[in-house]
Structures are given as C-alpha cells and as structure tokens.
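Under this note's numbering, the first residue of the sequence shown is numbered 281, with each subsequent residue one higher.
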Amino acid sequence: IAETQLLVTTPEKWDVVTRKGHEGSYTQLVRLVIIDEIHLLHDERGPVLESLAVRLKRAANGPRLVGLSATLPNADDVATFLRVPARALFRFDARYRPCPLQMQFVGLTDTKHVRRRQRMDEVCYAKAQRAAQAGGQVLVFVHSRKETVRTAQALRDMAVDAAALDAFVRGASASAEVLREEAAATRDAQLAALLPFGVAVHHAGMARADRALAEDLFADGHVRVLVSTATLAWGVNLPAHTVIIKGTQVYSPQRGAWAELSPQDVLQMLGRAGRPQFDTFGEGVIITAHSELRYYLSLMSHQLPIESQMVARLPDMLNAEVVLGSVRSRDDAAAWLAQTYLFVRMLRSPAVYGLSADAVDEDPALSGRRQALAHAAALALERCGMVRYDRRGGRLAPTELGRVASHYYVTHRTMAAFQQHLRSGAGDIDLLAVFARADEFRLIP
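Here it is in structure tokens:
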C-alpha cells in the first residue's frame, strides 16, 4: 500500500479501514476520494456511503470528494451534502447521450400469472423480432437466472412456431456457421440449444467460459438477442440497439415479498440502449403491469429523488463514531447528523421522514428532530451494551462490546443476540445456534 498511488475499494471496506484509523495511518495520505455510483445513497448500502462521506468531510485536512452517477435526479441535494459549490456541479442530461433514447412503455392488464407471463413473452418476441429484422441487436433483461433460460427458450420456440427460423439469424450467413460451431463446442447444453437460433443467455450461475462466450458472440454481432439478468447492466459494457426490460418485479429477501425494480436498476439497464458507433438512436422498452405505468413514466422524466436510508442503520453508524471518538455526547451526535444526507433531505422533503409540513418553519435547523434521533439511537446501543449513555447529561462512551462491533462490522442486533444467548461452556451446537441468530445471516434459509 505504501508503494501504490491508487486504491480501488468498496465503501464497506474503506468504512472498516477508517473506523480503525489513527494518526499516522495510511488513510491520512489519501487526498482524493472518488465515489462512483453515488446514487447508491438510496440503496440499503446507502448508510455506509453516507456515514463514510461524513467522516471524510469532518476529517482535519480531509480529502477532496468527487461523486459520480449516471442516474441522479436531485443532484443539487447530493451536492449540498458533499459541500460542492455550484460552479463544481456538472450535469450531463439526455442531450449528452451519444444516442438519443426512444422509450416505449407496455402495460399489461392480465391478472392471472400464467396468462400475464404468456403475454409478456409475446410482447417481448414481437419487439425483439422487429429490432433484429431491422438489423439491430437486443438485450432482454429479466430478474432471475431461471427466467433467462425460460425466456430465451420461449423466444426460440415462438420463432419456430411462426416458421421464422431466420428471425434472429440468417440461415446461410457467416454468423449462422459461427454459431453452429460454438454451439457444438460449448459444454452448456441449454446455451448450445439456443445459439443456432441467434439467441443466448447470460447470468452469474453460468461457467465463466460460457459467460465470456455469450459476451463475445454478442459483441461480434453473431448473437442478435441476449437474455440476461441485471448483473450484465452493472458489470459488462455490452450496448445494444434495443433494451427490453421484461417485467419489473423482483423478489426482495429483506421484505419477504415482491417489489418493484429500483429506479437505479432501471436506468442502468436502459443505459445500455444505443451503440454510438452504429446507431443514431437507441430504443428502450419497459414491459410491466398497467398499474405501474405512471410510476415508470415519472421515473423516466426524473421526478423521483433519491432518499436517505440512514434511519434504518443509525445505531450502527453512530456506534462507529462513538468508538472512533468523534461523537462523545448526544449534542455531538446531533451535530454529526447535521452533516448527513438525511438532514439535507429532511429539510427538503420533511413529510417523507415523518415530519409535519410546518416542522421546518418552526425549527429551521431541525434541532429537536436530530436530538430525538440521536437519543433513540443511543438508547438502542445502550440496551445492547455497546455504549454507556448518561441520559441526563447526554454523555456517550463506548464499551468493549461496542468496540468489537465497530471493528468487526457487527450490527447492534447481532451483538444483542450474542449477549443474550452466549453462555460459558457452550458446546459446538449451541455456538452454531447463537451464530445463526446473527442479523448478518438472516437471509440464509
């Protein structure tokens, strides 16, 4: 590290490093921090990004901060949070796209699952065939690994049923010969059955060689239709003339229910539409339930700001600052909150955060609200044995449990479970049972 000039890291890893930081640490040498995908403030990982940015801002002789995002409707709020002056805020809207984006929205009214899935397949086939016949390539985004194969097979079968075997590949073309050779060479039976028809799949469950093959064949123009999960939109630069988002609901393990795609995922997928070197425009198609059309129309007109998720993780983020020594009282915690993105958004949209419409008029600095949030978080940490909290004077001091939680990135809920159930002399089975209660493992079946 001492010999390098550039560090590439995740927010969580740098959060851990700076939590343990001390004078003379190599973190003091960093003069520039570039936060890519800063719109992830809206994500469940957002509190980490938010608290990390505050820590960097509060540091003596702190580094310069640069935030980057392709999908940031309320850039002014993020600029305020990062203390960016107006002259240093740069916006590149749709006018700067190398290829203008033409959008289509398809709303399905079918309520029965089987019929709705069939209609989605039919619409997807019609849109994909039209684009392919016009000489373009198509990226179809679906939301599970199993669905990639099922959708690709449905597109192939509909082409066969319509006696349109050349829907996605010309029978006597060089591409057809290449696809037949690669299909014979690949070990993935499902991919081999799709390639001769000009269709391929891409998801994280495939072998690396098969994923690379699908990417290369699509990049070279041999595969006309690539059905993929959203990982392709985030990780691989494979543009296409047409992007089809087939369905907008994904399963959320945190909620235990189906939820709509995040605005960031949608915009990231649509960002793959249009190939600057070949196209004068790109096409984006969103196939969703009719009831969700208004939401996606609002999204595409940039009317949905990103919000802070800090409240959900506030005790853990506060504990890190208490252990670091930057917060030593309830007043310090309230002052720390005044530098968060949460505070910026509470001032701008108080109703979203449970405040009355005139709350900002009555308390322009939201001092009462910040004190209340700090008090609630301190109480939660005190119950878990992670801080000593003087409720009358407001003093906060870390305990050994709090230090362990901060340094090893353990949540306060997990520490509470360990404190309640760990017993001296516990056997292996008992220890496994205690670890299974950890908040970090809650999504494992």
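Glycine included, every Cβ here is placed at the ideal spot set by N, Cα and C.
Rounded separation between residue i and residue j - CA only
i, j, result
"N599", "H482", "41 Å"
"L336", "A473", "52 Å"
"G705", "P678", "27 Å"
"R693", "L286", "35 Å"
"Y621", "Y689", "22 Å"
"R555", "R488", "25 Å"
"R395", "D446", "27 Å"
"A432", "A631", "44 Å"
"R504", "V449", "7 Å"
"E330", "W294", "12 Å"
"H319", "G707", "45 Å"
"V429", "R574", "30 Å"
"T307", "V328", "17 Å"
"A718", "A697", "7 Å"
"T389", "R399", "10 Å"
"R425", "Q529", "14 Å"
"E495", "Q589", "35 Å"
"T391", "H570", "10 Å"
"D490", "E462", "10 Å"
"G454", "P476", "It is worth fixing the name first, because residue 454 is Ala in this sequence and not Gly. Approximately 12 Å between the Cα atoms of the pair."
"Q699", "C664", "8 Å"
"A443", "M549", "31 Å"
"R397", "D437", "15 Å"
"V346", "A333", "10 Å"
"A340", "P365", "20 Å"
"I724", "T511", "21 Å"
"L497", "L506", "10 Å"
"R625", "S647", "15 Å"
"Q619", "F361", "7 Å"
Integer Cβ distance of residue i from residue j, believed to fall under 8 Å
i, j, result
"L419", "A520", "4 Å"
"C404", "L369", "About 39 Å separates the two Cβ atoms, so there is no contact after all."
"Y576", "I566", "5 Å"
"V602", "L579", "Wrong, their Cβ atoms sit about 38 Å apart, outside the cutoff."
"T351", "P543", "7 Å"
"R628", "D357", "6 Å"
Start and end residues, alpha helix (DSSP H) containing residue i
i, result
"H687", "E680 to H687"
"Y376", "First-last for Y376: undefined, no H or E at that position."
"H692", "H692 to H701"
"E402", "H393 to Q413"
"H655", "S647 to R663"
"E540", "Run containing E540: none in the alpha helix (DSSP H); it sits in the beta strand (DSSP E), A537 to E540."
"A480", "No alpha helix (DSSP H) contains A480, which is instead part of the beta strand (DSSP E) from V479 to H482."
"R668", "Taken as a continuous stretch (DSSP letters only), R668 belongs to no alpha helix (DSSP H), being part of the beta strand (DSSP E) at V667 to Y669."
"L471", "A469 to L474"
"R491", "R488 to A499"
"I709", "D708 to A716"
"E734", "The question about residue 734 has no answer, for the chain in this structure spans 281 to 725."
"V425", "First, the residue type needs correcting, since residue 425 is Arg and not Val in the sequence shown. Taken as a continuous stretch (DSSP letters only), the alpha helix (DSSP H) holding R425 covers R425 to D441."
"Q557", "Where Q557 is concerned, there is no enclosing alpha helix (DSSP H), given that its DSSP letter is neither H nor E."
Bounding residues of the beta strand (DSSP E) (the contiguous stretch that carries residue i)
i, result
"L530", "According to the sequence provided, residue 530 is Val. The question's Leu does not apply to it. Taken as a continuous stretch (DSSP letters only), the beta strand (DSSP E) holding V530 covers Q529 to S532."
"F385", "L381 to L388"
"R335", "From DSSP, R335 is part of no beta strand (DSSP E) but of the alpha helix (DSSP H) over G326 to R338."
"G347", "R344 to G347"
"V420", "V418 to F421"
"T522", "T522 to K526"
"L506", "V505 to S508"
Can you check the region 560–644 for any beta strand (DSSP E) of at least 3 residues that lies completely inside it and give the ranges in chain order?
Fully enclosed beta strand (DSSP E) runs of 3 or longer: 562–569.
Complete runs of the beta strand (DSSP E) confined to the region 285–315 [at least 3 residues]:
DSSP runs (the beta strand (DSSP E)) wholly in the region 285–315: 312–315.
Inspect the CB distances between the region 517–533 and the region 411–427 and report whether three or more fall short of 8 Å.
Result yes; three or more Cβ-Cβ pairs closer than 8 Å.
The region 658–675 / the region 602–616 touching (three or more Cβ pairs under 8 Å)
The region 658–675 is in contact with the region 602–616.
Segment contact flag, the region 651–671 with the region 581–595, C-beta cutoff 8 Å, min 3 pairs:
Judged by Cβ distances under 8 Å, the region 651–671 makes contact with the region 581–595, as three or more pairs qualify.
Evaluate the contact criterion for the region 454–473 versus the region 377–394: three or more CB pairs, one atom per stretch, below 8 Å.
Counting Cβ pairs under 8 Å, fewer than three are found: no touch.
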